[in-house]
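A short write-up of the structure that comes next.
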Amino acid sequence: MKNLLVILDPAHGEEISGKRSPDGRHREYKWSRERLRVIEHLLQVHGYTVVWTNTTDREIGLTKRQNIGTQLAKQHPGLVPLFISLHNDASGVTPEWRQANGVSVWTSKGRTTSDIFADFFIQRISEWMSTVNRRIYSPAYLDRDFESDFTVLMGDYPALLIECGFQDNKEDVARLEDPRFCKQVEDWIVDSIEDCNNYVSRKVKK
Ligand SMILES: [Zn+2]
Numbered sequence: 072m073k074n075l076l077v078i079l080d081p082a083h084g085e086e087i088s089g090k091r092s093p094d095g096r097h098r099e100y101k102w103s104r105e106r107l108r109v110i111e112h113l114l115q116v117h118g119y120t121v122v123w124t125n126t127t128d129r130e131i132g133l134t135k136r137q138n139i140g141t142q143l144a145k146q147h148p149g150l151v152p153l154f155i156s157l158h159n160d161a162s163g164v165t166p167e168w169r170q171a172n173g174v175s176v177w178t179s180k181g182r183t184t185s186d187i188f189a190d191f192f193i194q195r196i197s198e199w200m201s202t203v204n205r206r207i208y209s210p211a212y213l214d215r216d217f218e219s220d221f222t223v224l225m226g227d228y229p230a231l232l233i234e235c236g237f238q239d240n241k242e243d244v245a246r247l248e249d250p251r252f253c254k255q256v257e258d259w260i261v262d263s264i265e266d267c268n269n270y271v272s273r274k275v276k277k
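Using this note's numbering, read the sequence shown as starting at 72 and increasing by one per residue.
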């Protein structure tokens, strides 16, 4: 019996412009939903309760994601919610190839449980994706500079936003298109969720 309610929040809808590689080959909405569907299956096999903010390919808006997350958390009062958004990063708005690359994990503002959960994700990145650059999180990462104002992270539940690879970096897009890399991302997220659940289970037993 797991203690977490995993709320999966796919990236922007297919109709949102710019959420693709400069050559149009890579599409964030599709990549995010494909990964989350596999992650959902793996988590269910592990005994988790998994729910979605949005099961369509369309955009529902950030406020709606947040409200749905709050509702879903209320519907499962016995479980600790963990809201996970999965995106690809971009370092510019015009479609050009750029330098920035790597993976980052964003948390809700202030010192919250999401910081503790994010730390499990950060610790596990190098284990699954040794070739990928990651944001270096020193103890200062608990400070506000490293945290996000994304609306979707401001609900009443621990929330993480994962920016996995840059859609405007050639090397990252090659990784995102590689099935082995995608499998590593899926396993990384599932293992990190297991760490979060183990942490919550220890707290509940005390
Ligand atoms: Zn995005």
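Glycine included, each C-beta is placed from N, C-alpha and C at the ideal position.
Counting along the chain, Gly236 sits inside the beta strand (DSSP E) bounded by residues 230-237. Within the stretch 76-164, the alpha helix (DSSP H) runs of at least 4 residues that lie entirely inside it are, in chain order, 99-116, 133-146. Listed as beta-bridge partners of Ser175 by DSSP are Glu234. For Glu265, the enclosing alpha helix (DSSP H) stretches over residues 250-276.
The beta carbons of Leu231 and Ser185 sit closer together than 7 Å. In this structure, Asp258 sits near Trp199, with a CB-CB distance shorter than 7 Å. Contact between the stretch 138-152 and the stretch 90-101 is absent: fewer than 3 CB-CB pairs across the two stretches fall below 8 Å.
Look at Ala82: its beta carbon is less than 6 Å from one of the heavy atoms in ligand 1. Nearest to Glu105 by alpha-carbon distance, out of Leu247, Asp266, Tyr270, is Leu247.
With contacts defined by Cβ atoms closer than 7 Å, Val203 and Val244 do not form a contacting pair.
In the structure shown, the three-state DSSP call for Val203 is coil.
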